[in-house]
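Remarks on the structure that follows.
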Amino acid sequence: MDNTLLIEAINQTMPFGKYAGRKLFHLPEPYLVWFQQKGFPQNKLGQQLALIYEVKLNGLESLVAPLLKD
Numbered sequence: 874m875d876n877t878l879l880i881e882a883i884n885q886t887m888p889f890g891k892y893a894g895r896k897l898f899h900l901p902e903p904y905l906v907w908f909q910q911k912g913f914p915q916n917k918l919g920q921q922l923a924l925i926y927e928v929k930l931n932g933l934e935s936l937v938a939p940l941l942k943d
């Protein structure tokens, strides 16, 4: 996996919905689970959400948190 994809995903801002304006990394896990059950969007944002879901599912937040940019 390309590291830039991970860095880009955790720093991406949610563009719509209840959590608009939050970085994907800061989305609550239940919200990502809901997306996973309903189906992630078929675009780049969907791929990023799926990646963040996997990070949280596997408890890797502490490993990727240093990659967050303010």
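Taking our numbering as reference, the numbering of the sequence shown is continuous, increasing by one, and the terminal residue is 943.
Idealized CB from N, CA, C, for every residue including glycine.
Simplified DSSP assignment, three categories, for K896: Strand, per DSSP.
Extent of the continuous alpha helix (DSSP H) run through T877: Bounds of the alpha helix (DSSP H) holding T877 are 876-884.
Residue from V928, D943, K891 with nearest C-alpha to L936: Closest by alpha carbon: V928.
Cβ neighbour criterion (16 or more within 10 Å) applied to Q921: Burial is judged here by how many other beta carbons sit within 10 angstroms of a residue's own beta carbon; Q921 has at least 16 and is buried.
N- and C-terminal bounds of the alpha helix (DSSP H) containing P903: Per DSSP, P903 is one residue of the alpha helix (DSSP H) stretching across 902-911.
CA-to-CA distance, Y926 to Q885, given in whole angstroms: Rounded to the nearest whole angstrom, the CA to CA distance from Q885 to Y926 is 14 Å.
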